[in-house]
Amino acid sequence: MLLHTKVAIELFTDYDMLLFIEKGVRGGISQCCNRYAIANNRYMSNFNPDDEIKYLMYLDANNLYGYAMSKYLPLKGFVWSDNDLTEQDILSLSDESGVGYILEVDLEYPSNLHDKHSDFPLAPENKPPPNCKEPRLLTTLEPKTK
């Protein structure tokens, strides 16, 4: 695609910046699974009006990679920022802006979200699983620190 668009991607000259970017590369997590569920659907013959109404849903989202590739991607002008961005600064950034940020943050995962997020936790990270030397992309409910 770069051949057709004639876009030139700037090479990194700062080795620490290259390592920072490579450390943030993610991929491979594209599903969340709940292996067993029981529906109580009022449109089915086995509906129980005494129980909570529950529906099952299956979604198949196609072209996630193509969608992501149609969005703005960083090309050049990579610099370390000494801005102390506030939460409001970050939330007010436009997806269409010519300037973007790659943030490194420490995250704490509140225990009140663990049950709700157990099938698909936020912020996967590359690290070795227990009793393994090779890093894998893991989705855990543990705090994330740099």
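Counting in the UniProt record's numbering, the sequence shown runs from 1 upward without gaps. Every residue gets a Cβ at the ideal spot worked out from N, C-alpha and C, and that includes glycine.
Helix, strand or coil: how does DSSP classify residue i here?
i	result
residue 127	strand
residue 112	helix
residue 133	coil
residue 2	helix
residue 122	coil
residue 138	strand
Out of the options, which one is the CA nearest neighbour of residue i?
i	options	result
residue 71	100, 107, 48, 85	100
residue 32	119, 15, 108, 102	119
residue 117	127, 141, 97	141
residue 54	61, 46, 60	46
residue 43	93, 37, 56, 34	56
residue 36	58, 51, 77	58
Which partner residues of residue i appear in the DSSP bridge assignment?
i	result
residue 144	107
residue 23	Per DSSP, none; premise fails for residue 23.
Using the Cα positions of residue i and residue j, report the straight-line distance between them to the nearest angstrom.
i	j	result
residue 128	residue 14	27 Å
residue 64	residue 27	12 Å
residue 103	residue 24	9 Å
residue 83	residue 75	21 Å
residue 135	residue 22	14 Å
residue 85	residue 94	14 Å
residue 132	residue 62	33 Å
Under 7 Å between the Cβ atoms of residue i and residue j?
i	j	result
residue 12	residue 19	no
residue 146	residue 107	no
residue 110	residue 139	no
residue 137	residue 124	yes
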